[in-house]
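Numbering (this note's numbering), first residue to last: 133 to 394.
Yeah, the Cβ is synthetic: ideal placement off N, Cα and C, and Gly gets one too.
None of these values were measured; they are calculated from a predicted model.
What follows is a short report on a single structure.
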Amino acid sequence: MAGPAGGSRGRDAPASTVPYAELHCHSAFSFLDGASQPEDLVEEAVRLGLSALAFTDHDGLYGVVRFAEAAREVGLRTVFGAEISLGARAPRAGETDPGGDHLLVLARDPEGYRRLARLLSDAHLASGEKGRLVAEPEACARAAGGHWQVLTGCRKGTVPRALARSGPADAGAALAELAELFGRGNVAVELADHAHPLDSARNDALAELARAARLPLVATGNVHYAAPGAARLAAAMAASPATRGGKRASAFRRKMNRREFG
């Protein structure tokens with residue numbers, strides 16, 4: 133039973149089939165993007181029987197302590213990461229759909245977490261502006277040192293964005309660049325389906341790129357809230373910086389559909 137606040141208490145858990153770990157998940161600490169608190173995300177992950185949950189907020193590790201504590205209480209395995217904004221020219225909270233590319237990284241081990249925390253701290257300090265960091269792919273690759281798993285990410289990842297703008301050839305080049313920077317063993321192609329008309333075609337193209345490059349595929353939910361009841365809240369929060377532009381805000385709200393677990 134998903135109430136207006138997106139709670140999941142009382143909802144029947146689905147029958148478990150194939151083990152699944154969610155590796156792309158935003159909480160309310162992704163300001164104006166995620167809509168659920170870390171504890172709610174953990175609760176829903178346990179209800180669904182997920183084998184593990186990654187915590188990948190935008191440009192920071194702000195909610196990881198609450199996430200880790202909630203997960204430890206229920207025995208849920210955790211992965212720590214972040215979705216890093218590349219080439220950001222303004223704070224994320226200032227726009228409905230901020231510019232710049234995204235890089236989704238997951239720490240493989242405690243050393244990877246330490247390196248990620250250092251990279252994020254240095255990148256925020258370098259910007260000199262609250263809510264914005266200065267990060268480039270080359271600096272991220274140096275910081276990783278082989279301790280991160282990199283996913284191609286959402287529509288703003290360099291590979292999906294190149295595919296949408298220019299087609300498979302440029303997307304393949306972007307994928308090859310990621311593999312060269314971070315190492316072939318540290319890159320996977322991410323697929324997500326939110327029932328958008330273009331999702332199937334995009335995922336087919338990304339899967340073909342992964343096959344050609346001999347890189348693994350990873351399915352994610354690109355989760356932004358725990359349960360369907362929070363969808364309207366997530367959409368309103370995401371669109372709020374552009375309420376003066378009704379058409380643009382409405383279009384962005386549609387992009388936030390089906391961003392819950394499952």
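Exposed or buried, which one is Pro170 when buried takes at least 16 other CB atoms within 10 Å?
As a first step, residue 170 is located in the sequence shown; it is residue number 38 there, counting from the start. Residue burial is scored here from C-beta neighbours: Pro170 has at least 16 other C-beta atoms within 10 angstroms and is therefore classed as buried.
Euclidean distance between Cα positions of Leu248 and Pro329:
As a first step, residue 248 must be located in the sequence shown, where it is residue number 116. As a first step, residue 329 must be located in the sequence shown, where it is residue number 197. Answer to the nearest angstrom: the Cα atoms are 35 Å apart.
Could you check what DSSP says for Asp254 in three-state terms: helix, strand or coil?
By 1-based counting over the sequence shown, the position of residue 254 is 122. Looking at Asp254 - three-state DSSP - the assignment turns out to be helix.
In angstroms, rounded to a whole number, what distance separates the CA positions of Val206 and Glu243?
Numbered from 1 along the sequence shown, position 74 holds the residue referred to as residue 206. Numbered from 1 along the sequence shown, position 111 holds the residue referred to as residue 243. So the alpha carbons of these two residues sit roughly 25 Å apart.
Span of the alpha helix (DSSP H) around Ala184:
Taking the sequence shown and counting its residues from 1, the one referred to as residue 184 is at position 52. Note, Ala184: premise wrong, no alpha helix (DSSP H); beta strand (DSSP E) at Ala184 to Phe187.
Leu257 burial status per 10 Å Cβ neighbour count (16 or more: buried):
The residue given as residue 257 occupies position 125 in the sequence shown. Per the 10 Å Cβ criterion, exposed.
Can you give me the C-alpha to C-alpha distance between Tyr152 and Leu208, rounded to a whole angstrom?
The residue labelled residue 152 in the question sits at position 20 within the sequence shown. The residue labelled residue 208 in the question sits at position 76 within the sequence shown. Rounded to whole angstroms, Tyr152 to Leu208 spans 12 Å at the Cα level.
Three-state secondary structure assigned by DSSP to Cys272
Start at 1 with the first residue of the sequence shown, and residue 272 comes out as number 140. In the structure shown, Cys272 sits in a helix (DSSP, three-state: H, G or I).
Report yes or no: do three or more beta-carbon pairs, one from the region 152-169 and one from the region 182-193, lie closer than 8 Å?
Yes, the region 152-169 touches the region 182-193.
Integer-rounded CB distance, given that Val282 should sit under 8 Å from Gly235
Sequence index remark: in the sequence shown, residue 235 carries index 103 (1-based). Sequence index remark: in the sequence shown, residue 282 carries index 150 (1-based). A small correction: the amino acid at residue 235 is Leu; Gly does not occupy that position in the sequence shown. Confirmed, Cβ separation roughly 7 Å.
By the 10 Å Cβ neighbour count, where 16 or more other Cβ atoms means buried, how is Gly277 classified, buried or exposed?
Counting from 1 along the sequence shown, the entry for residue 277 is found at position 145. Classification of Gly277: exposed, given that the 10 Å Cβ count is below 16.
Can you give me the start and stop residues for the alpha helix (DSSP H) that Ala306 sits inside?
On the sequence shown, residue 306 is found 174 positions in, with the first residue counted as 1. Pro300 to Phe314 is the span of the alpha helix (DSSP H), which, as asked, contains Ala306.
In terms of residue numbering, what span does the alpha helix (DSSP H) encompassing Arg198 cover?
As a first step, residue 198 must be located in the sequence shown, where it is residue number 66. In the DSSP annotation of this structure, the continuous segment of the alpha helix (DSSP H) that includes Arg198 starts and ends at Val196 to Val206.
Touch test, the region 257-267 against the region 310-321, Cβ-Cβ under 8 Å, three pairs minimum:
no
Here's a check: name, in chain order, each residue in its chain whose Cβ is nearer than 7 Å to the Cβ of Asp241, leaving out the five neighbours to either side.
Sequence index remark: in the sequence shown, residue 241 carries index 109 (1-based). Around Asp241: His279.
Excluding five sequence neighbours on each side, which residues of the same chain lie with their C-beta closer than 6 Å to the C-beta of Gly304?
Walking along the sequence shown from the start, residue 304 turns up at place 172. Taken in chain order, the residues that qualify are Leu341.
Check whether Ser168 and Ser162 have beta carbons under 8 Å apart
What you label residue 168 is simply residue 36 of the sequence shown in a count that begins at 1. What you label residue 162 is simply residue 30 of the sequence shown in a count that begins at 1. The answer is no: Cβ separation not under 8 Å.
The alpha helix (DSSP H) spanning Ser332 covers which residue range?
In the sequence shown, the residue the question calls residue 332 occupies position 200. First-last of the alpha helix (DSSP H) with Ser332: Asp331 to Ala345.
Going straight from the alpha carbon of Leu182 to that of Ala344, what length do you get?
As a working mapping, residue 182 is identified with position 50 in the sequence shown. As a working mapping, residue 344 is identified with position 212 in the sequence shown. Taking the straight line from one Cα to the other gives about 30 Å.
Span separating the alpha-carbon of Ala333 from that of Arg293
To locate residue 333, count along the sequence shown from 1; it is residue 201. To locate residue 293, count along the sequence shown from 1; it is residue 161. Answer to the nearest angstrom: the Cα atoms are 14 Å apart.
C-alpha distance - Thr254 paired with Ala271, whole-angstrom precision:
Walking along the sequence shown from the start, residue 254 turns up at place 122. Walking along the sequence shown from the start, residue 271 turns up at place 139. Looking at the sequence itself, residue 254 is Asp, so the reference to Thr does not match. Using only the alpha carbons, I get a separation of about 11 Å.
Out of Ala301, Glu322 and Ala177, which one is the CA nearest neighbour of Leu396?
Lying outside 133 to 394, the shown extent of the chain, residue 396 is not represented and no answer is given.
Ser259 by DSSP, collapsed to three states: which one?
By 1-based counting over the sequence shown, the position of residue 259 is 127. If DSSP states are grouped into helix, strand and coil, Ser259 belongs with the helices.
Is the distance from the Cβ of Asp233 to the Cβ of Lys288 below 8 Å?
Within the sequence shown, the letter at position 101 stands for residue 233. Within the sequence shown, the letter at position 156 stands for residue 288. Going by C-beta atoms, Asp233 is nearer than 8 Å to Lys288.
Any idea if Thr149 is buried or exposed, counting beta-carbon neighbours within 10 angstroms, 16 or more meaning buried?
Within the sequence shown, numbered from 1, the residue matching residue 149 stands at position 17. Thr149 is exposed by the Cβ-count criterion.
Per-residue burial, Glu176 [other beta carbons within 10 Å of its own, 16 or more giving buried]
For the purposes of this step, residue 176 is taken as the residue at position 44 of the sequence shown. Looking at its Cβ environment, which holds 16 or more other Cβ atoms inside 10 Å, Glu176 is buried.
So, with DSSP's three-state summary, where would you put Leu235?
Indexing the sequence shown from 1 puts residue 235 at position 103. Correct three-state label for Leu235: strand.
Candidates Val355, Ala339, His356 and Asn354: which alpha carbon is nearest Pro348's?
Here the question's residue 348 lines up with position 216 in the sequence shown. Comparing Cα positions, the closest option is Ala339.
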